[in-house]
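Every position in the sequence shown, counted from 1, becomes a number in my numbering once 1 is added. Below: the structure, in structure tokens.
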Amino acid sequence: MTNDMMNRNDDLFNPMNFFNEVGNLGRDLFNGNDNPMKTDVVEHDQDYVVTAEMPGFNKEDIHVDYRDDTLRISGTTKTSQDTKDNDGRILRQERSSQNVARAFYLPNIDLKQVSAKYDQGILTLTLPKETDKDNNHKISID
């Protein structure tokens, strides 16, 4: 107990100490070392391909939307596990849930051509870029 108090005093002026008290929230939030949704975003000439690892999720629990030039992916999963003895008494019961979310700025997407596939825990999105529009407008000077 005394050693615990001494160790806490050593970190008294550490700005991350507050966050360490709540399950390393500070390190996870600021460093992003423990992101449960590993994602790759690849830009090609004609499209973007986004691949997100989401093992353990059901397709119905994954939400994908695109607004304000931003792709948003989120998911929720819940698991329950129990162990019973021969008489049917529960000896141990555990529950867990996980919420993940990511957002990526991907401008000028042709929303009518977007495709998504979820297979064996991998979500793959193909987001075609809009074809170049004639954005040039000559302004004459009087």
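Every residue, glycine too, gets a C-beta built ideally from N, C-alpha and C.
Taken in chain order, the complete beta strand (DSSP E) segments of 3 or more residues contained in the region 74 to 142 are 91 to 106, 116 to 120, 123 to 129.
Under the three-state reduction of DSSP output, aspartate 41 falls in the strand class.
If you draw a straight line from the Cα of lysine 118 to the Cα of threonine 127, it is about 9 Å long. When secondary structure is reduced to three states using DSSP, aspartate 70 falls in the coil class, being assigned neither helix nor strand. In the structure shown, the three-state DSSP call for aspartate 62 is helix. Contact between glycine 122 and glycine 76 fails: their C-beta atoms lie close to 11 Å from each other, not under 8 Å. Ranked by Cα distance from tyrosine 106, the first of Pro37, Asp69, Gln94 is Asp69. Spanning the alpha carbons of leucine 124 and aspartate 83 requires a straight line of approximately 29 Å. For aspartate 48, the enclosing beta strand (DSSP E) stretches over residues 48 to 54.
Closest in C-alpha terms to aspartate 111, from the list Gln47, Lys39, Asp120, Lys85, comes Gln47. Taking serine 98 as the centre and dropping the five residues before and after it, the same chain places the C-beta of Thr77, Thr78, Lys79, Thr80 closer than 8 Å to its C-beta, in chain order.
Ranked by how close their Cα comes to the Cα of threonine 52, the residues Lys113, Leu72, Glu61 have Leu72 in first place.
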